[in-house]
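Chemist: Before I ask anything, here is the structure I am working with.
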Amino acid sequence: MENVSTEYISKAIEEIVDLIYIKDPVDFNPLLELLHKKEIRKCIKEIALCLGFPVEIDLAFVSPSDKVNKFETSDLVKTDYRGVGSEGIIAQVLIPKNIPPYGSSTLVNFLIKVKVSKNCIEHPKTFISIISHELSHILLATYGSNQADNEVYTDLTPLVLGFSEIVTAGRKIEKTDPAPDVRSP
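Here the sequence shown is numbered in my numbering, starting from 11 and rising by one per residue.
Laid out in structure tokens, this is it:
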């Protein structure tokens, strides 16, 4: 959430809370245990239920060499000072056009397709954080929010819905050297 004002974040949190609600912190230890047992699909289903979202998840793992099962876009990839990609997409969910509204019976077991990088599962806390973020795109869409594609809102939604501890634990912070001065002397 670089370059986002605290006012914007406060406004976003207020909108999310008004739209959804605030939940108590999620005990993520059972989720980690499921991942430890390699019960990935069950873990994802539990993440969705913790978000209050009774959907089915079709999970696909993506590797750079896979030409069939790949990410659909790279529009949101960060770039360095030269405009060269400095990060790759690690997860993606596409919001279905026919997504039922939240609380409707047709949303129960509605199939949501999520793609994640193959190595994503190697970091269980990060994996849980990523899945909760991706499902937040869909969750906001089911509420009719016009912010379902907004990365700030989908970063904040899991925090409001009880995932703050796991998101903090799963967050990866990297330090990079500043861009070299390319001006002529």
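No residue lacks a Cβ here, since even glycine has one placed at the ideal position from N, Cα and C.
For clarity, every value in this text was computed on a predicted model and none was experimentally measured.
#1: Is it the case that the region 140-147 contacts the region 158-178, given that we only count it when at least three CB pairs across the two stretches are under 8 angstroms?
#2: Going by beta carbon distance, what residues of the same chain come within less than 6 angstroms of S194, once the five residues before and after it are set aside?
#3: So what's D28 in DSSP terms, helix, strand or just coil?
#4: Which of helix, strand or coil does DSSP assign to L150?
#5: Can you check whether the CB of V72 is closer than 8 angstroms to the CB of V204?
#6: Could you give the distance in angstroms between the alpha-carbon of I26 and the alpha-carbon of E132?
#7: L44 by DSSP, collapsed to three states: which one?
#8: Using 10 angstroms around the beta-carbon of T136, count the other beta-carbons present and answer buried if the total reaches 16, otherwise exposed.
#9: Between the beta-carbon of V170 and the beta-carbon of I32, is there less than 8 angstroms?
#10: Tell me which residue opens and which closes the alpha helix (DSSP H) that A58 is part of.
#11: Could you work out which residue in K52, D28, D159 is closest to P106 when comparing CA atoms only?
#12: Using a 10 Å radius around the Cβ and a threshold of 16 neighbouring Cβ atoms, would you call P168 buried or exposed?
#13: Near V124, what residues of its chain come up, given a Cβ to Cβ distance below 8 angstroms and the 5 sequence neighbours on each side ignored?
#14: What number of angstroms, rounded off, separates the C-alpha of G5 from the C-alpha of F63?
#15: Using 8 angstroms for Cβ pairs, my map puts I57 next to L41. What's the rounded Cβ distance?
#16: Counting only the same chain and skipping the five closest in sequence on each side, list residues whose C-beta sits under 7 angstroms from that of K52.
#17: Quick one: grab the DSSP three-state call for I105.
#18: Cα-Cα, which of V36, S15, K48, V14 is closest to E175?
Modeler: Reading from the atomic positions:
#1: With a cut-off of 8 angstroms, the region 140-147 and the region 158-178 count as touching, because enough Cβ pairs lie within range.
#2: For S194, the predicted structure reports a pLDDT of 41, less than 50, and the residue's modelled location is therefore unreliable. The matter cannot be settled from this model.
#3: Three-state DSSP puts D28 in a helix.
#4: In the structure shown, L150 falls within a helical segment according to DSSP collapsed to helix, strand and coil.
#5: Given that the chain is displayed from residue 11 to residue 195, the structure contains no residue 204 and the question cannot be resolved.
#6: In a straight line, the C-alpha of I26 is about 31 angstroms away from that of E132.
#7: L44: helix per DSSP, three-state reduction.
#8: T136 comes out buried.
#9: With respect to I32, V170 sits close: the two C-beta atoms are nearer than 8 angstroms.
#10: Start and end: 50-60.
#11: Among K52, D28, D159, the Cα nearest to that of P106 belongs to D159.
#12: Under this definition P168 is a buried residue.
#13: Result list for V124: I54, I67, D68, L69, A70, A101, Q102, V103, I141, E144, L145, in chain order.
#14: Past the edges of the chain, shown from 11 to 195, lies residue 5, and the structure says nothing about it.
#15: Yes, I57 and L41 are in contact; Cβ-Cβ is about 6 angstroms, under 8 angstroms.
#16: If you ignore the 5 residues before and after K52, its C-beta comes within less than 7 angstroms of the C-beta of L44, all in its own chain and listed in chain order.
#17: Three-state DSSP puts I105 in coil, outside helix and strand.
#18: For the options V36, S15, K48, V14, the alpha carbon positioned closest to that of E175 is the one of V36.
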